[in-house]
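S.K.: Mapped onto full-length UniProt numbering, the consecutive letters of the sequence shown carry residue numbers 1 to 211. C-beta: ideal position from N, C-alpha, C; glycine also.
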Amino acid sequence: MSLRLGDTAPNFKAKTTIGEIDFYEYLGDSWGVLFSHPADFTPVCTTELGKTALLNGEFAKRNVKVLALSVDPLDKHLSWIGDINETQHCDVTFPIIADEDKTVANLYGMIHPNASETFTVRSLFIIGPDKKVKLTITYPASTGRNFNEVLRVIDSLQLTAKYSVATPADWKDGEDVIVTAAVPTAEIPERFPKGHKIIKPYLRTTPQPNK
Ligand code: BEZ
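(1) What's the gap between the Cα of F94 and the Cα of K76?
(2) What beta strand (DSSP E) runs, 3 residues minimum, are completely inside the segment 130-189?
(3) Measuring straight from C-alpha to C-alpha, what distance separates P140 and P38?
(4) Is it true that the CB of V104 sits closer than 7 Å to the CB of V66?
(5) With L69 as the anchor, note down where its beta strand (DSSP E) starts and where it stops.
(6) Nearest CA to the CA of Q88: which residue from L54, I96 and N114?
(7) Which residues does DSSP pair with K197 in a beta bridge?
(8) When the Cβ atoms of the segment 115-122 are set against those of the segment 10-29, are three or more pairs found closer than 8 Å?
(9) Are there 16 or more other CB atoms within 10 angstroms of the CB of D72, so buried, or fewer, so exposed?
(10) Using the C-alpha atoms, what's the distance from V133 back to S2?
(11) Comparing alpha-carbon positions, which option in T47, P168 and K131 lies nearest G28?
(12) Could you check where the beta strand (DSSP E) with V33 kicks off and where it finishes?
(13) Quick check on the burial criterion: 16 or more other C-beta atoms within 10 angstroms. Buried or exposed for L78?
(14) According to DSSP, is I18 part of a helix, a strand, or is it coil?
(15) So, for L151: in the same chain, excluding its five sequence neighbours on each side, which residues have a beta-carbon less than 6 Å away from its beta-carbon?
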């Protein structure tokens, strides 16, 4: 059965490009992004890991630790990093898990047999400091993911964990947010003193409270 939102992200130990890790110990109190790619030395994957490395500062700012994974062996990961750094003008410092026996891939349902019996698909999990799964996405091998969208979701998750708000379609950090239904309209002025708009009784917005 695949992992669903709110499930506990399973712990594991794994060989990685930065040494053996215990997943929970590695994450500590941070947020986590664990993502699989089909195979090393392939073009889309090279751009994905390069983009992730280029966004390293953005993930760090948000207290997020990133881990990549494929079923390729460690020596292959290590020599591929040279190509990623060279072609994508980056410095891959996050761990890439060498999941040769597919332990982690099976735990996280990253192998979709009707897509490929052998390779992991492009699965991605955002995991909260409470080790619960906050987001899952799955892309096919032919489509590279948008890692700025992953950051946007993290911004939303971190904001909505702290305030009784939700974020509208295409929201970006700094834009107005939606006051959740749990907040009675009469309490909005006190709880959201920056102001609010009542567009419909069920659609009430306020400037982003932590900006
Ligand atoms: C790629 O990264 O380009 C790729 C990997 C596996 C299958 C198809 C494309």
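M.R.: On the basis of the data shown:
(1) Distance from the CA atom of F94 to the CA atom of K76, rounded to whole angstroms, is 16 Å.
(2) 133-139 and 177-179
(3) Computed Cα separation, rounded: 9 Å.
(4) no
(5) V64 to S70
(6) A check of alpha carbon separations from Q88 across L54, I96 and N114 identifies L54 as the nearest.
(7) T205
(8) no
(9) By the 10 Å Cβ count, D72 comes out buried.
(10) Distance between the alpha carbons of S2 and V133: 11 Å.
(11) Check the Cα spacing between G28 and each of T47, P168 and K131: the tightest is with K131.
(12) For V33, the enclosing beta strand (DSSP E) stretches over residues W31 to S36.
(13) exposed
(14) coil
(15) Counting only residues of its own chain and dropping the five nearest sequence neighbours on each side, L151 has a CB closer than 6 Å to the CB of E58.
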